[in-house]
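A.B. asks: Residue numbers (this note's numbering), protein chains in the order written: chain A, 16 to 592; chain B, 674 to 876.
A virtual CB, placed ideally from N, CA and C, is assigned to each residue, including glycine.
Model, not experiment: these values are computed from the prediction.
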Amino acid sequence: MNIETKNKTKEATQQTIKITGSEAIIRCLIAEGVDILYGYPGGAIMPVYDELYKFRDQIHHVLTRHEQGATHAAQGYARISGRVGVAMATSGPGATNLITGIADAQIDSTPLVCITGQVSSHLLGSDAFQETDIVGISTPVTKWNHQVTKASEIPEVIAKAFYIAKSGRPGPVLIDITKDAQFEEFDFSYKKCTGIRSYNPIPNIDIKLVEAAAELINNAKKPMIVWGQGIILGKAEDELKAVIEKAGIPAAWTILGASALPTSHPLNIGMVGMHGNYAPNKLTNECDVLIAIGMRFDDRVTGNLNTYAKQAKIIHFEIDPAEVDKNVKTDVAVLGDSKESLAALLPLLETKSHTAWLQEFKALYDIEFEKVIKDDLHPTKEGLTMGEVLNQINIETKGNAAIVSDVGQHQMIACRYSNFNITKSNITSGGLGTMGFALPAAIGAKMAAPQREVVAIIGDGGYQMTIQELGTIFQQKVPVKIVVLNNEFLGMVRQWQQLFFDKRYASTEMTNPDFVTIAKGYYIEAKRVKKREELADAVKEMIACKEAYFLEVCVEKEDNVFPMIPSGASVSDIRLS
Amino acid sequence: MHLQNRVWQSQSYLFCNIFSLLSFIKMDEQIKTFTISVYTENNIGLLNRISAIFQRRHINIESLTTSQSEIESVNRFVIVVNITEAQAKKIVKQIEKQVEAIRAYYHTDEETIYTESCMFKIKSVLLFEEPQIQNIIKDSNSQIVTVNKEFFVLEKSGRRHEIESLRRDLNVFGIMQFVRSGRISVTKSEMKITEMLKAFNNQ
Ligand SMILES: Cc1ncc(C[n+]2csc(CCOP(=O)(O)OP(=O)(O)O)c2C)c(N)n1
């Protein structure tokens with residue numbers, strides 16, 4: 016949409032006009048700056064789709080092939096752009112199909128507004144055709160939800176939905192709108208929501224606590240930072256970099272924090288957690304001050320809490336009060352927006368460089384390189400490794416691509432080995448671990464940032480959970496690059512079966528279809544690589560391609576991802592093999 | 674004998690001290706009765722959201738009462754649970770995280786003034802046949818709400834043990850219906866909700 020029409024819409028929404036509820040929904044979305052939404056029509060949402068048709072030059076609706084795909088696409092859109100993703104579905108099965116994506120967005124703090132149609136209000140509670148209590152069902156996985164039964168409520172509720180979804184710690188919101196409310200006419204005007212009295216999205220920073228944090232940091236001999244997605248959501252990348260550089264603190268990231276600081280930064284010491292890097296995991300139990308920023312001490316990050324950083328003073332910068340002292344008891348907790356908190360911290364920090372301490376990370380990195388990384392990225396054995404594929408992608412994209420990964424071994428490899436130069440470039444399902452996330456999320460990411468190279472890295476298992484979204488890619492001509500790392504196994508589960516269940520491979524072996532033929536069936540250019548000699552050229556060809564491209568790489572069937580912290584073990588018991 | 678007694682006393686004194694010291698250290702992890710008070714906007718879905726917070730953590734709600742609060746259009750939930758203080762702290766934060774929850778607090782019994790109320794439906798003939806009942810009513814400070822030919826209804830507010838003792842006393846004669854409400858309570862300390870809401874309005 017060009018700026019002129021945008022302004023016109025703004026004017027139109029400020030005066031009162033008599034329109035239907037469904038037209039109001041579209042006008043509200045346009046007023047909130049929504050240019051693309053993802054969804055799937057059906058009986059209870061048809062009046063809204065009729066309006067989408069009328070407004071199609073102002074707002075682009077993308078028909079996904081499943082409602083789950085619509086939520087993941089909206090998530091991809093939100094994650095790469097920092098804007099609110101929008102998904103739409105009909106009542107009953109349409110609405111329930113949204114739940115996985117909503118739950119994923121809830122645990123990964125992704126701003127989403129989902130709009131569902133509902134049976135007419137006089138039918139509510141009567142078990143009418145395609146009636147389901149979606150407000151009840153979605154309650155535990157939404158930041159807020161609401162059912163609208165009168166058209167006149169629509170503007171205020173949608174304004175609130177966008178405000179809640181994106182403010183403070185973002186999250187998904189679901190608005191359920193009965194069909195009669197969609198048909199009903201009312202006097203429409205739109206005002207954005209700027210505050211809700213019962214909701215305090217950004218706690219005020221207590222400068223005394225920032226000072227206390229600064230003192231601990233200034234006196235630390237072995238400080239270590241672990242940052243999470245809070246840096247990206249708070250747009251605090253520059254502040255993080257400034258803090259790290261001034262105080263000379265080695266900094267590690269959680270899976271969702273990846274890309275907030277370039278991979279190549281000398282103080283970037285890698286990923287923490289179950290399949291994170293050796294040094295930051297080991298040295299979590301050696302540091303004297305642990306500074307957690309915008310992260311929530313997930314169990315995949317901490318391993319056994321009883322042996323997690325017990326020796327360290329813990330500082331927690333966090334926007335959500337409920338996260339403070341939830342899993343790890345803090346010594347100093349600074350509530351507030353990450354950007355503001357770090358900006359307040361910066362001038363209080365002494366300029367330092369902890370050379371010897373940094374050397375400890377380097378030494379452990381060298382061990383990890385010798386024992387794991389070398390063979391992952393530059394294998395000498397016959398079978399292809401996932402790592403070498405990632406390495407090739409790094410070379411071809413020069414680290415400028417957004418990497419959208421699914422869930423499993425390939426995800427850990429993608430997060431470990433991708434080179435990130437640009438923030439918001441690691442789009443993956445962290446908290447929920449939703450297989451099937453990547454393909455639709457890549458669609459949303461590419462549509463929100465058409466100028467970026469978007470590469471989806473997917474396992475042969477997860478790929479088949481949302482493979483039908485190839486139809487969306489084809490119909491919408493979304494030039495995403497799709498890489499399936501095919502090990503003919505549900506690899507991550509197989510790895511656990513090998514390590515902890517005596518190789519009893521219960522239902523993890525996959526007899527797969529011809530993925531190349533399937534992609535070609537959707538008229539998507541496709542290639543399969545089975546040999547190392549073919550890999551570099553194939554990746555080069557894929558990245559050079561201006562359209563969607565599918566690349567299947569047949570990798571070693573029974574490779575494992577290391578390092579690894581077995582579940583229930585301590586971070587310092589991280590295994591290299 | 675006298676001496677022995679003193680030794681025993683001082684020993685028990687010592688024990689008491691150790692225990693109270695231990696309990697001081699582990700206070701956070703002792704299961705206690707907490708009253709959780711929540712000020713909320715009126716909202717249909719909120720009850721569901723709040724009860725889900727307890728359900729997810731396998732915490733049994735002993736009682737839950739909602740009503741209008743001292744502030745126009747603001748609701749108050751009074752929830753009684755038996756949990757540790759560490760849990761109470763986390764629960765309160767999870768409740769406050771809900772968009773439509775204005776504030777949540779947790780208090781121990783000592784920090785609140787609380788009461789429950791109950792009703793008994795009893796056959797009217799017993800009033801005449803069993804004169805003892807009249808005394809029970811008088812002694813228990815309960816009130817007769819209504820009487821008709823068939824039954825009378827007795828109402829009482831008070832602490833749980835008072836209500837329980839009344840129920841035991843009346844049970845001897847037969848109770849047609851019994852019902853007890855959840856706890857309602859006010860705190861000894863100030864809540865300052867009005868100031869909070871005013872501050873928002875002046876923003
Ligand atoms: C929807 C869903 N179902 C099940 C799982 C459990 N799970 C985690 S990883 C994994 C295997 C993934 O296999 P694949 O997609 O082939 O990737 P690989 O691990 O082989 O790279 C499974 C089944 C999950 N995360 N999500």
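Please list the partners that B:Ile-775 has in chain A, where partner means a Cβ-to-Cβ separation under 8 Å.
C.D. replies: Sequence index remark: in the second sequence, residue 775 of chain B carries index 102 (1-based). Those are Arg-212, Ser-213, listed as they occur along chain A.
A.B. asks: If you measure from the CB of A:His-393, is any heavy atom of ligand 1 nearer than 7 Å?
C.D. replies: Counting from 1 along the first sequence, the entry for residue 393 of chain A is found at position 378. A:His-393: no, Cβ never under 7 Å from ligand 1.
A.B. asks: Could you check whether the Cβ of B:Ala-877 sits closer than 8 Å to any Cβ belonging to chain A?
C.D. replies: The question about residue 877 of chain B has no answer here: the residues shown for chain B are numbered 674 through 876.
A.B. asks: Report all residues from its chain with a CB closer than 6 Å to the CB of A:Ala-463; omit the five preceding and five following residues, and keep chain order.
C.D. replies: The count along the first sequence starts at 1 and reaches residue 463 of chain A at position 448. So the list reads Tyr-92, Ile-95, Ser-96, once near-sequence residues are dropped.
A.B. asks: Report the partner residues of A:Asn-501 according to the DSSP bridge assignment.
C.D. replies: Here residue 501 of chain A is taken as the residue at index 486 of the first sequence, counted from 1. For A:Asn-501, which the question treats as bridged, DSSP gives the partners A:Cys-569.
A.B. asks: Can you find the residues in the same chain that come closer than 6 Å, C-beta to C-beta, to A:Ile-264, ignoring five residues on each side of it along the sequence?
C.D. replies: Taking the first residue of the first sequence as position 1, residue 264 of chain A is located at position 249. For A:Ile-264, where only same-chain residues beyond five positions count, the Cβ hits under 6 Å are Pro-238, Ile-240.
A.B. asks: DSSP three-state label for B:His-834, please.
C.D. replies: As a first step, residue 834 of chain B must be located in the second sequence, where it is residue number 161. Helix at B:His-834.
A.B. asks: Does the beta-carbon of A:Phe-593, which I'm using as the reference point, lie nearer than 7 Å to any heavy atom of ligand 1?
C.D. replies: The requested residue 593 of chain A is not part of the displayed model; chain A covers only 16 to 592.
A.B. asks: Taking Cβ-Cβ distances shorter than 7 Å, what residues in chain B pair up with A:Ala-416?
C.D. replies: By one-based count along the first sequence, residue 416 of chain A stands at place 401. Per Cβ cutoff of 7 Å: no residues; A:Ala-416 is ~35 Å from chain B at best.
A.B. asks: Drop a sphere of 10 angstroms on the beta-carbon of B:Arg-749, count the other beta-carbons inside from all chains shown, and report buried for 16 or more, exposed for fewer.
C.D. replies: On the second sequence, position 76 is the one that residue 749 of chain B refers to. Answer is buried; the Cβ neighbour count reaches 16.
A.B. asks: Quick one: is A:Ala-120 near chain B, going by C-beta distance under 8 Å?
C.D. replies: In the first sequence, counting from the first residue as 1, residue 120 of chain A sits at position 105. Not one chain B Cβ lies under 8 Å of A:Ala-120.
A.B. asks: Would you tell me roughly how many angstroms separate the C-alpha atoms of A:Tyr-564 and A:Lys-546, rounded to the nearest one?
C.D. replies: Residue mapping note: residue 564 of chain A aligns to position 549 of the first sequence, counting from 1. Residue mapping note: residue 546 of chain A aligns to position 531 of the first sequence, counting from 1. A straight-line Cα-Cα distance of about 19 Å links A:Tyr-564 and A:Lys-546.
A.B. asks: What did DSSP end up calling B:Gln-876 once you bin it into helix, strand or coil?
C.D. replies: To locate residue 876 of chain B, count along the second sequence from 1; it is residue 203. Note: B:Gln-876 maps to coil in three-state DSSP.
A.B. asks: Please go through the region 436-478 of chain A and give each complete beta strand (DSSP E) segment of 3 or more residues, from N-terminal end onward.
C.D. replies: Runs of beta strand (DSSP E) with 3 or more residues, each lying fully within the region 436-478 of chain A, are found at 441-443, 469-474, listed in chain order.
A.B. asks: Which of the three DSSP states, helix, strand or coil, is assigned to B:Ser-858?
C.D. replies: Your numbering for residue 858 of chain B matches position 185 in the second sequence. It is a strand residue.
A.B. asks: Does the Cβ of A:Phe-516 have 16 or more other Cβ atoms within 10 Å, making it buried, or fewer, making it exposed?
C.D. replies: Reading the first sequence from its first residue, position 501 is the one you call residue 516 of chain A. Label assigned to A:Phe-516: exposed.
A.B. asks: I'd like to confirm something about A:Gln-483: is its beta-carbon nearer than 7 Å to some heavy atom of ligand 1, or not?
C.D. replies: Within the first sequence, numbered from 1, the residue matching residue 483 of chain A stands at position 468. It does not: the Cβ of A:Gln-483 is nowhere closer than 7 Å to a heavy atom of ligand 1.
A.B. asks: Are the region 122-142 of chain A and the region 187-199 of chain A in contact at 8 Å, needing three or more beta carbon pairs?
C.D. replies: With a cut-off of 8 Å, the region 187-199 of chain A and the region 122-142 of chain A count as touching, because enough Cβ pairs lie within range.
A.B. asks: Please report the residue range of the beta strand (DSSP E) in which B:His-780 lies.
C.D. replies: Here residue 780 of chain B is taken as the residue at index 107 of the second sequence, counted from 1. Element bounds for B:His-780: 774-781.
A.B. asks: Using the beta-carbon count (16 or more within 10 Å), is B:Met-849 buried or exposed?
C.D. replies: Residue mapping note: residue 849 of chain B aligns to position 176 of the second sequence, counting from 1. With fewer than 16 Cβ atoms within 10 Å of its Cβ, B:Met-849 is classed as exposed.
A.B. asks: For chain B, is any of its Cβ atoms less than 8 Å away from the one on A:Ile-179?
C.D. replies: For the purposes of this step, residue 179 of chain A is taken as the residue at position 164 of the first sequence. It does: the Cβ of A:Ile-179 has a partner Cβ on chain B nearer than 8 Å.
A.B. asks: Using DSSP with H/G/I as helix, E/B as strand and the rest coil, what is A:Met-401?
C.D. replies: Counting from 1 along the first sequence, the entry for residue 401 of chain A is found at position 386. In the structure shown, A:Met-401 sits in a helix (DSSP, three-state: H, G or I).
A.B. asks: Name the chain A residues whose beta carbon is nearer than 8 Å to that of B:Gly-770?
C.D. replies: Position 97 of the second sequence, counted from the first residue, corresponds to residue 770 of chain B. The sequence shown places Lys at residue 770 of chain B, rather than the Gly named in the question. Against chain A, the beta carbon of B:Lys-770 has neighbours under 8 Å at Asp-335, Pro-336, Ala-337, listed in chain order.
A.B. asks: What is the DSSP secondary structure of B:Met-792, reduced to helix, strand or coil?
C.D. replies: Taking the first residue of the second sequence as 1, we reach residue 792 of chain B at position 119. B:Met-792 falls in the strand class under three-state DSSP.
A.B. asks: Under the three-state reduction of DSSP, which class applies to A:Gln-162: helix, strand or coil?
C.D. replies: Translated into positions along the first sequence, residue 162 of chain A becomes position 147. Residue state, collapsed to three classes: strand.
A.B. asks: Ligand 1 heavy atoms versus the CB of A:Thr-449: any closer than 7 Å?
C.D. replies: Walking along the first sequence from the start, residue 449 of chain A turns up at place 434. Answer for A:Thr-449: yes, Cβ within range of ligand 1.
A.B. asks: What are the partner residues of A:Gly-285, as DSSP defines its beta bridges?
C.D. replies: Along the first sequence, one-based indexing puts residue 285 of chain A at 270. Answer by DSSP bridge pairing, in chain order: A:Ala-267.
A.B. asks: How far does the beta strand (DSSP E) with A:Pro-277 in it reach, from first residue to last?
C.D. replies: The residue given as residue 277 of chain A occupies position 262 in the first sequence. Note, A:Pro-277: premise wrong, no beta strand (DSSP E); not H, not E.
A.B. asks: Among all the DSSP beta bridges, which residues are the ones paired with A:Lys-33?
C.D. replies: Locating residue 33 of chain A in the first sequence gives position 18, counting from the first residue. Note: A:Lys-33 sits in a beta bridge opposite A:Asp-202.
A.B. asks: Note down, in chain order, every chain B residue with its Cβ under 7 Å from the Cβ of A:Trp-159.
C.D. replies: What you label residue 159 of chain A is simply residue 144 of the first sequence in a count that begins at 1. Within 7 Å Cβ-Cβ: Val-772.
A.B. asks: For A:Ile-95, report the span of its alpha helix (DSSP H) as first-last.
C.D. replies: Along the first sequence, one-based indexing puts residue 95 of chain A at 80. Where A:Ile-95 is concerned, the enclosing alpha helix (DSSP H) stretches over 82-96.
A.B. asks: Compare the C-beta of B:Glu-714 with all C-beta atoms of chain A and state if any pair is closer than 8 Å.
C.D. replies: Position 41 of the second sequence, counting from 1, holds the residue named residue 714 of chain B. Yes, because at least one Cβ of chain A sits closer than 8 Å to the Cβ of B:Glu-714.
A.B. asks: Look up B:Leu-694 in the DSSP assignment and say whether it is helix, strand or coil.
C.D. replies: The residue labelled residue 694 of chain B in the question sits at position 21 within the second sequence. Low per-residue confidence applies at B:Leu-694: pLDDT is 49, beneath 50, and the placement is therefore not dependable enough to give any value.
A.B. asks: Helix or strand or just coil, what does DSSP make of A:His-137?
C.D. replies: Translated into positions along the first sequence, residue 137 of chain A becomes position 122. A:His-137 carries a helical assignment under DSSP once its states are collapsed to helix, strand and coil.
A.B. asks: Let me know the beta strand (DSSP E) ranges lying completely inside the region 340-418 of chain A, each 3 residues or longer, listed in chain order.
C.D. replies: 347-350
A.B. asks: With 16 other CB atoms within 10 Å as the buried threshold, where does B:Gln-767 fall?
C.D. replies: In the second sequence, the residue the question calls residue 767 of chain B occupies position 94. Classification for B:Gln-767: buried.
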